[in-house]
Structures are given as structure tokens and as C-alpha cells.
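Colleague:
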Amino acid sequence: MQQFIRLSLILVCLSLPRFASAQGLMDGFMKGDRKASLAVTYSQETFDTYYRGTTPFRDPNLGTVTTQALNLYGVYGLGYDLDLIVTAPYIRTEASAGYQPKQEGFQDVTAALRWEAFDYKLGKARLSWLFALGYTMPIQNYVNDNMLALGQGSKNIDGRTMLHFKSGSFFLTGQFGYIRRGPVTLDRIVNVYDPSQVNPNSGMKVNVPDVTEAIIRTGFATKRVYIDVWGQQQTPYAVGTDIGPGIPFPTNAIGFQRVGGTLFLRLVGRLGLNFGYSTTLDGRNIGKSTRLSGGIIIGN
80 MQQFIRLSLI LVCLSLPRFA SAQGLMDGFM KGDRKASLAV TYSQETFDTY
130 YRGTTPFRDP NLGTVTTQAL NLYGVYGLGY DLDLIVTAPY IRTEASAGYQ
180 PKQEGFQDVT AALRWEAFDY KLGKARLSWL FALGYTMPIQ NYVNDNMLAL
230 GQGSKNIDGR TMLHFKSGSF FLTGQFGYIR RGPVTLDRIV NVYDPSQVNP
280 NSGMKVNVPD VTEAIIRTGF ATKRVYIDVW GQQQTPYAVG TDIGPGIPFP
330 TNAIGFQRVG GTLFLRLVGR LGLNFGYSTT LDGRNIGKST RLSGGIIIGN
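Going letter by letter, the sequence shown gives residues 80 to 379 in the numbering used here.
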């Protein structure tokens with residue numbers, strides 16, 4: 080059952096496709112030595128309100144933005160306490176109004192190592208302490224400075240630590256991470272980047288602000304059914320810009336508060352289905368979105 084649980088968490092609870100992080104790569108259930116799993120999941124995210132800085136704003140020339148994502152995910156146990164994880168989404172995003180062209184293609188590939196450093200027995204309960212290190216890079220040269228961008232286009236290093244408590248079918252997990260984002264090169268002339276400077280150069284490099292992330296999750300897991308609820312807080316660590324005319328979007332400082340839930344049903348043998356829901360409560364330079372997802376999981 081544990082292999083299905085960990086895949087459900089990862090596939091349902093990844094951040095919004097265009098601003099994805101590796102938070103879903105971290106849960107308390109290790110894969111196991113030389114065991115592997117493969118999953119395919121589909122998600123749809125929509126918003127008609129986005130935050131300019133921290134102020135909600137509706138743009139009639141944008142309408143409702145819909146992002147669909149098909150995500151491929153694989154995990155392999157390099158040892159009983161070490162997992163290798165690889166994931167890559169294919170994304171389509173479009174607006175219901177205006178003249179913004181639809182964006183479609185592969186976004187970023189992420190590879191990560193997850194290590195269970197300590198595992199303590201507390202009577203009949205267990206407490207685990209885990210770490211993870213991931214690297215993300217774009218698969219293709221997509222547009223990165225548009226409201227319909229597939230992603231930010233940066234190469235990222237993501238470090239995580241997590242405590243996982245389990246007693247019977249109940250579990251409680253908490254994690255904290257830091258995402259270091261590299262600079263990106265814009266494909267257009269930027270006339271406004273910083274109020275103190277005007278740079279007319281085409282193809283200029285700009286910095287993508289780093290972020291920190293905290294997540295708490297609790298739920299119940301049995302042999303055939305898994306259910307959880309979770310909350311996520313992402314906070315800009317570095318100084319960035321806010322959405323506005325002429326401001327390149329990769330430099331925007333992105334943050335949000337999000338809540339969601341996961342349901343997993345084991346069917347037969349190695350086959351299972353998962354479903355997820357999440358919504359954005361508050362944010363900065365991001366869509367106030369709702370997301371639904373579902374996936375097929377095959378694992379041993």
C-alpha cells in the first residue's frame with residue numbers, strides 16, 4: 080500500500096504546473112530497495128482572478144485561464160533508505176478572452192534523491208526524519224515572461240527536510256524547503272526592469288527570486304483507502320518585482336497559501352487510482368486558482 084500512497088501524494092500535491100516545486104517529492108513513505116513505480120496523472124487548473132502583488136485583480140482581456148497538465152512520474156528504490164525520483168509534465172495553458180496565444184509543450188524535468196536519515200520507534204508508533212535534494216531544468220525553450228507561460232524557465236536546486244509521524248493508520252507530516260532559482264534569459268527587449276535603470280538590450284538575463292516553502296499534512300491510510308488534507312505556504316525569500324506593465328514575469332516574487340486534499344483507492348493487484356483537489360486562499364503574483372487532478376498508478 081505504501082507505494083501507492085507516496086505516488087498519490089506526489090502526483091496530486093505538486094504545486095501549480097506553471098510554478099511547480101518539488102514539494103510533492105517529499106512524503107514519509109520510502110519506496111524500498113530495488114522497487115519501482117510508474118504513474119500518469121492529469122490535472123486541470125483554472126482562475127479568473129490573479130494577484131498583482133498581493134492585490135486581487137480581474138482582467139477582462141484575459142478572462143478565465145485554464146491550464147491542463149499530463150504528468151509522467153517514476154520512482155526507483157536505490158536502497159531501503161534512498162529513492163530516485165524523476166518527473167516531467169506536458170502542459171497546455173490558454174485564456175478565454177483577449178488575444179494571448181495558447182502555450183503548449185513540455186515544461187521542466189525534475190530529478191531528486193530522497194533519503195530517510197533516521198527512523199525511531201515510539202512504542203507502536205514511528206517517527207522518521209527525511210531529506211531530499213532535487214534539480215529542475217526546462218525541457219524546451221518555452222516563453223517565460225507571459226501570463227500564459229508554461230513555467231519560469233529557470234534551473235532550480237530544491238533542498239527539503241521533513242518529519243513523518245505514523246501510528247496505526249493515522250499519520251502527520253511536516254516539511255520545510257528552500258528553492259534556489261537560477262537566472263533566465265528573456266527573448267524580448269525589456270524597457271522596465273528596475274525603477275533605477277532602463278535596459279534596452281534584447282536577450283537580457285534577469286534573476287528569478289528564491290522561495291521557502293512549509294507544508295503540513297495529516298490523514299489516514301489503510302490497505303485499500305488513503306485520505307489526507309494539507310496546507311502549503313510558499314514565501315519569496317529574495318526581493319522581486321510585482322506584476323505590472325513592462326515588468327518581466329520571471330522576476331516576480333511569487334508566494335501563496337494553498338489547501339487541498341487527496342483520495343486514493345486501491346483497485347486490484349498493483350493498480351490504483353488517485354484524486355486530488357486544491358485551492359489558493361491568498362497569494363502574490365499568482366492566479367487565485369482551483370485545481371482538480373486524477374491519476375493511474377502502477378507499482379510494486
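For every residue, glycine included, the Cβ atom is placed at its ideal position computed from N, Cα and C.
Among D307, I306 and T128, which residue has its Cα nearest to the Cα of S368?
Modeller: It is T128.
Colleague: Name the DSSP beta bridge partners of N353, please?
Modeller: Answer is F343 and G374.
Colleague: Taking only three categories from DSSP, how would you classify F108?
Modeller: In this structure, F108 counts as coil in the three-state DSSP scheme.
Colleague: Could you check what DSSP says for P288 in three-state terms: helix, strand or coil?
Modeller: The answer is coil: DSSP assigns P288 none of H, G, I, E or B.
Colleague: With a 10 Å radius around its C-beta and 16 neighbouring C-beta atoms as the bar for buried, classify K181 as buried or exposed.
Modeller: Classification of K181: exposed, given that the 10 Å Cβ count is below 16.
Colleague: Check each candidate in Y155, I306, D112 and G351 and name the one with the smallest Cα separation from S248.
Modeller: Of the candidates Y155, I306, D112 and G351, the one whose C-alpha sits nearest the C-alpha of S248 is I306.
Colleague: Kindly identify the DSSP beta-bridge partner or partners of G153.
Modeller: Paired residue(s): L117 and V165.
Colleague: Would you kindly check if the distance between the Cβ of L229 and the Cβ of L192 is under 8 Å?
Modeller: Not a contact, by the Cβ cut-off of 8 Å.
Colleague: On the premise that Y257 lies in contact with T291, defined as a C-beta separation below 8 Å, what is that separation, rounded to the nearest angstrom?
Modeller: With a Cβ gap of about 5 Å, T291 and Y257 count as contacting.
Colleague: Ordered along the chain, which non-local residues of its own chain (more than five positions away) have a Cβ less than 6 Å from that of R171?
Modeller: Hits under 6 Å: Q147 and E183.
Colleague: Report the residue from G362, Y155, V263 and V347 whose alpha carbon sits nearest the alpha carbon of N223.
Modeller: The shortest Cα separation from N223 among G362, Y155, V263 and V347 belongs to V263.
Colleague: Quick one: residues in its chain with C-beta nearer than 7 Å to the C-beta of I236, no 5 flanking neighbours on either side, listed in chain order?
Modeller: So the qualifying residues of the chain are Y214 and R259.
Colleague: Nearest by alpha-carbon distance to T297: which of P315, W309, D289 and Q179 is it?
Modeller: Out of P315, W309, D289 and Q179, W309 has the C-alpha closest to the C-alpha of T297.
Colleague: CB V285 to CB P329, shorter than 8 Å?
Modeller: Closer than 8 Å, so yes.
Colleague: With DSSP run on the structure shown, which of helix, strand or coil describes T330?
Modeller: In this structure, T330 counts as helix in the three-state DSSP scheme.
Colleague: Please check the pair Y199 and L209, which I expect to be a contact at CB under 8 Å, by giving their CB distance rounded to whole angstroms.
Modeller: Going by Cβ atoms, the distance from Y199 to L209 rounds to 12 Å, so no, they are not a contact pair.
Colleague: If G334 and G362 are in contact, beta carbons under 8 Å, what's the gap, nearest whole angstrom?
Modeller: Indeed they touch by this definition, with Cβ atoms about 6 Å apart.
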